[in-house]
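Numbering (my numbering), first residue to last: 11 to 324.
Cβ atoms here follow ideal geometry from the backbone N, Cα and C, with glycine treated the same way.
Following: one structure in structure tokens, then a few remarks.
Below you can see the structure in the form of structure tokens.
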């Protein structure tokens, strides 16, 4: 993936930059490898700093209204002050760690509707910062994520949408200022009890907190409401668990747990139009190969089929 941006700070004849990723596909906890290629312009230039930044689109609240904005969530300086002579070419290799809490953008090769992620190159020169363009990247799930998503697909849940909400999850250790919600339409066997389910992963080196929020249907004499459950799974048990049975158990507990989870579904939480708090995370060193067999893969593709938009602009 390559982009070229003439530095607007210097105008025509100024330095140019190409950022090249070895592979735009990654997972949380891994690294993005690449290099920044600089080419001097018509005259020497003093570059103060070159920085890479991961950015994504986040839903935010302002008063009673909501809007989507681009938010930077990780920065990596790749060069300090340097003199770039006229027509000089400089190559700067980099390894950018992907934060544990980076949200998932792609499942089985398909972009999750509502998700965007990019790598931005910034050059500070002559007291001006040129933010350049975005280079799209794809963040794939870790094996534990895939197993849980496969279980939802096996149970008949159909993917609806995904987004990032600014805020924090009550009682969950979180470093990023937002959390991801992966939304599903209820499977047929749950349709009498719930309308939709929202799934959030909060992952760390040893495991993952799984937050499940059900939009529970109301009865003849009661209105609908949201009920939330939080569960845990470890990375080492990925191949040792009947994930369909476990997720089925989680869903049953969540539907039955209304009013039993202090801090969820109550006032005083930070951010998020559903009244929940943030999310994040994950495990380094996982191979980029997709977990699960052909059958599980086909089920997941069916559950996530639909209109998956390409990477959007600013």
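As DSSP reads the structure, residue 113 sits in no beta bridge.
Distance from the Cα of residue 57 is smallest, within the candidate group 136, 212, 209, for 136. Nearest Cα to residue 145 within the set 267, 132, 250, 155: 132.
The way I'd put it, the segment 46 to 56 doesn't touch the segment 157 to 169; fewer than three beta-carbon pairs between them come closer than 8 angstroms. Comparing alpha-carbon positions, the option among 204, 198, 196, 188 lying closest to residue 210 turns out to be 188. Judged by pairs of C-beta atoms under 8 angstroms, the segment 64 to 71 does not touch the segment 25 to 38, as fewer than three such pairs exist. A Cβ-Cβ separation of about 11 angstroms leaves residue 192 out of contact with residue 221 under the 8 angstroms criterion. In the structure shown, the three-state DSSP call for residue 153 is helix. Contact check for residue 240 against residue 225 fails: the beta carbons are separated by 7 angstroms or more. Annotation for residue 261: no beta strand (DSSP E) segment contains it, though the alpha helix (DSSP H) segment containing it runs 253 to 265.
Taken through DSSP and simplified to helix, strand or coil, residue 147 comes out as coil.
Uninterrupted alpha helix (DSSP H) stretches at least 4 residues long and entirely within the segment 19 to 90 do not occur.
Residue nearest to residue 190 within the set 177, 200, 197 is 177 (criterion: CA-CA distance). The alpha-carbon of residue 76 is positioned some 36 angstroms away from that of residue 104. Annotation: the continuous beta strand (DSSP E) that includes residue 100 extends over 99 to 107. The C-beta distance from residue 42 to residue 129 rounds to 7 angstroms, short enough to meet the 8 angstroms contact threshold.
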